[in-house]
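*Asks:*
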Amino acid sequence: MVTARIQLPGRAGPLVIPRPARGKAFAGGYPPPARRKVFAAAHVAAAPAPDGTGAPVIDWESTMRFREHLWAHGFGVAEAMDTSQRGMGLSWAQARELIARTAAQAAGAGGSGAGGSGAGRSGAGRSGAGRSGALACGAGTDQLADGEGHGIGAIIGAYAEQVSFVQSAGAQVILMASRALAAAARGPRDYLEVYGELLKQADRPVILHWLGEAFDPALRGYWGGTSFDAAAGTVLELIERAGDRVDGIKLSVLDAGHEVALRRRLPAGVRLYTGDDFNYAGLIRGDADGFHSDALLGAFAAITAPAAAALAALDEGDLAGYDAAMAPTVPLSRLIFEPPTYHYKVGVAFLAWLNGLQPHFVMLGGLQRQRPARHLIRLFELAAAARALTEPDLAVERMTALMARMAGPERV
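Here you go:
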């Protein structure tokens with residue numbers, strides 16, 4: 382069996398990346414899962430400034446190719462979320478263009494995605510005509526400046542502008558958590574007022590978005606309470622009032638117990654989309670009573686191939702196959718999302734670069750410098766163990782070049 386090898390700092394010998402034997406490799410594409418509804422929150426690929434001196438710019442070609450990669454593996458795309466650096470380098474003006482481009486790509490004529498023709502295990506996950514239903518986009522309030530006081534009316538207006546734009550693009554709305562609302566709200570009543578007004582404007586059921594403070598410290602106390610139970614009470618009251626206007630809620634609090642508790646209290650037909658990048662494997666798999674989570678995860682953008690294979694096994698009732706593909710990705714995801722958790726986007730971009738999905742390991746605002754060299758080296762090791770390096774020779778070549786450029790043990 383041919384293998385790729387690399388000598389990493391701190392290892393006694395080379396890291397060997399074996400290529401799977403015939404019949405054991407992941408397929409180049411998968412159809413959408415039948416037993417779970419899954420979205421991957423996609424990042425934005427960047428490139429150095431054309432003049433070599435300015436700030437990095439969006440690499441639109443690679444950014445759109447990455448969405449094709451996700452669709453081809455059966456995932457819906459959650460666009461313009463925090464994974465795309467909303468509030469950390471991506472402005473609302475840029476997010477508008479991103480949403481418009483992805484919606485056009487999803488709705489465009491011309492057959493299948495990047496994995497090839499058809500919807501079989503070895504082909505693309507979706508045809509071009511079927512991908513509009515596999516796109517949900519974040520609507521928030523980030524056109525309002527951070528650090529300034531904004532009234533409830535202004536917050537509703539900002540949200541409404543973004544909701545209208547997402548709906549005009551033909552995408553499902555994800556009502557993102559709002560820093561402005563977190564700063565302005567004086568209790569649960571303000572959240573119920575804001576979200577209640579927005580749900581009236583929705584032309585189809587929306588996905589609510591509960592992002593814990595590990596992902597954004599400015600969101601502490603969201604939903605009007607610092608305890609999970611109090612906040613969950615507000616969410617459940619909102620959902621009960623909304624009737625059929627809520628498709629589900631994405632929960633990202635990195636606590637499996639809290640997620641299971643909320644999941645059991647949701648009304649019938651309302652989905653719990655796990656955003657728990659630490660505990661997703663068990664939450665998606667489900668429990669002995671038949672409860673499970675669907676998923677909307679940034680981790681899926683980093684572990685696309687093994688996660689798609691795991692979900693395909695789950696569809697076939699092959700729990701051992703699901704565990705075999707998904708379980709090795711968990712240590713990798715836990716490292717990607719280690720504190721400070723909001724820098725997880727670095728790991729997503731790093732793996733996209735290693736796998737040849739973008740030509741540069743560059744991020745908007747130079748964010749790639751926010752993780753130290755030792756973190757990247759360990760990511761490489763765990764990605765190899767999770768079989769998340771789909772182009773081993775290229776990954777070794779790029780990692781070797783990166784290590785040669787490392788200026789010291791802490792930075793690249």
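Read in order, the letters of the sequence shown correspond to residues 382 to 793 in the working numbering. For every residue, glycine included, the Cβ atom is placed at its ideal position computed from N, Cα and C.
Check Ser365 in the structure and name its three-state DSSP category.
*Replies:* This structure cannot settle anything about residue 365, because the visible part of the chain is limited to 382 through 793.
*Asks:* Could you check if Ala680 belongs to the surroundings of the ligand MG, using beta carbon to heavy atom distance under 8 Å?
*Replies:* The ligand MG is not part of this structure, which contains no ligands at all.
*Asks:* Hey, Gln553 and Ala517 are a contact pair by Cβ (cut 8 Å); roughly how many whole angstroms apart?
*Replies:* Right, their Cβ atoms sit about 4 Å apart.
*Asks:* If we count Cβ pairs, one from each stretch, closer than 8 Å, do we get three or more for the segment 755-771 versus the segment 388-406?
*Replies:* Enough Cβ pairs lie closer than 8 Å, so yes.
*Asks:* Cα-Cα, which of Ala733, Ala599 and Thr781 is closest to Ala440?
*Replies:* In the sequence under discussion, the amino acid at residue 440 is Asp, which differs from the Ala named in the question. Of Ala733, Ala599 and Thr781, the residue nearest in Cα terms is Ala733.
*Asks:* Distance check for Pro569 and His741, CA to CA, integer angstroms please.
*Replies:* Straight-line Cα distance between these residues: approximately 44 Å.
*Asks:* Whole angstroms is fine: what's the gap from Ala754's alpha carbon to Ala385's?
*Replies:* Distance between the alpha carbons of Ala754 and Ala385: 21 Å.
*Asks:* Drop a sphere of 10 angstroms on the beta-carbon of Gly455, count the other beta-carbons inside from all chains shown, and report buried for 16 or more, exposed for fewer.
*Replies:* Looking at its Cβ environment, which holds 16 or more other Cβ atoms inside 10 Å, Gly455 is buried.
*Asks:* With a cut-off of 8 Å, do at least 3 Cβ pairs link the segment 679-693 to the segment 465-476?
*Replies:* No contact exists between the segment 679-693 and the segment 465-476.
*Asks:* Hey, Phe659 and Phe718: beta-carbon distance below 9 Å or not?
*Replies:* Yes.
*Asks:* Do the CB positions of Ala423 and Ser465 come within less than 9 Å of each other?
*Replies:* Result yes, Cβ atoms of Ala423 and Ser465 sit closer than 9 Å.
*Asks:* Out of Val641, Arg622 and Gly624, which one is the CA nearest neighbour of Lys631?
*Replies:* Among Val641, Arg622 and Gly624, the Cα nearest to that of Lys631 is on Val641.
*Asks:* Taking the alpha carbon of Val627 as the point to measure from, which residue in Val575, Arg446, Ala669 and Val651 has its own alpha carbon closest?
*Replies:* Closest by alpha carbon: Val651.
*Asks:* Would you grab the beta carbon distance between Met532 and Ala563 for me? Rounded to a whole angstrom, and I think it's under 8 Å.
*Replies:* The residue asked about is misnamed: residue 532 is Gly in this sequence, not Met. That belief does not hold up - the Cβ atoms of Gly532 and Ala563 are roughly 14 Å apart, past 8 Å.
*Asks:* In terms of residues, what are the limits of the beta strand (DSSP E) holding Pro399?
*Replies:* Start and end: Leu396 to Pro399.
*Asks:* Going by CA-CA distance only, name the one from Val777, Arg786 and Val544 that's closest to Pro395.
*Replies:* The shortest C-alpha separation from Pro395 is found at Val777.
*Asks:* Within the same chain, show all residues whose beta-carbon is closer than 7 Å to that of Ser684, passing over the 5 residues directly before and after it, in chain order.
*Replies:* First, the amino acid is wrong: residue 684 is Ile here, not Ser. Only Thr710, Leu713, Ser714, Ala767 and Ala769 meet the Cβ criterion.
*Asks:* Using DSSP bridges, identify the partner residues of Asp696.
*Replies:* Answer by DSSP bridge pairing: none, since Asp696 is not bridged.
*Asks:* Sort out for me which residues DSSP pairs Gly422 with in a bridge.
*Replies:* Per the sequence presented here, residue 422 reads as Ala, with Gly not at that position. Answer is Ala459.
*Asks:* Using only alpha-carbon positions, find the residue among Leu775, Ala764 and Arg752 that is nearest to Met787.
*Replies:* Ranking Leu775, Ala764 and Arg752 by Cα distance to Met787 puts Arg752 first.
*Asks:* Determine the burial state of Asp597: buried for a count of at least 16 other Cβ atoms within 10 Å of its Cβ, exposed for fewer.
*Replies:* With 16 or more other Cβ atoms within 10 Å, it is buried.
*Asks:* Rounded to whole angstroms, how far is the Cβ of Leu619 from the Cβ of Gly656, which I believe are closer than 8 Å?
*Replies:* Their Cβ separation, rounded to whole angstroms, is 18 Å, which puts Leu619 and Gly656 out of contact at 8 Å.
*Asks:* State the beta-bridge partners of Arg652 as determined by DSSP.
*Replies:* Looking at the DSSP assignment, Arg652 forms a beta bridge with Gly629.
*Asks:* Near Ala461, what residues of its chain come up, given a Cβ to Cβ distance below 7 Å and the 5 sequence neighbours on each side ignored?
*Replies:* Excluding residues within five positions, the ones whose Cβ falls inside 7 Å are Arg467, Ala476, Leu479, Ile480, Cys518 and Gly519.
*Asks:* Which residues share a DSSP beta bridge with Gly391?
*Replies:* Answer is none; Gly391 lacks a bridge partner.
*Asks:* Give me the residue from Gly624, Ala426 and Gly457 with the minimum Cα distance to Glu442.
*Replies:* Looking at the Cα atoms, Ala426 is the closest of the given residues.
*Asks:* Using the DSSP secondary-structure output, state which residues sit across from His590 in a beta bridge.
*Replies:* Its beta-bridge partners are Lys631.
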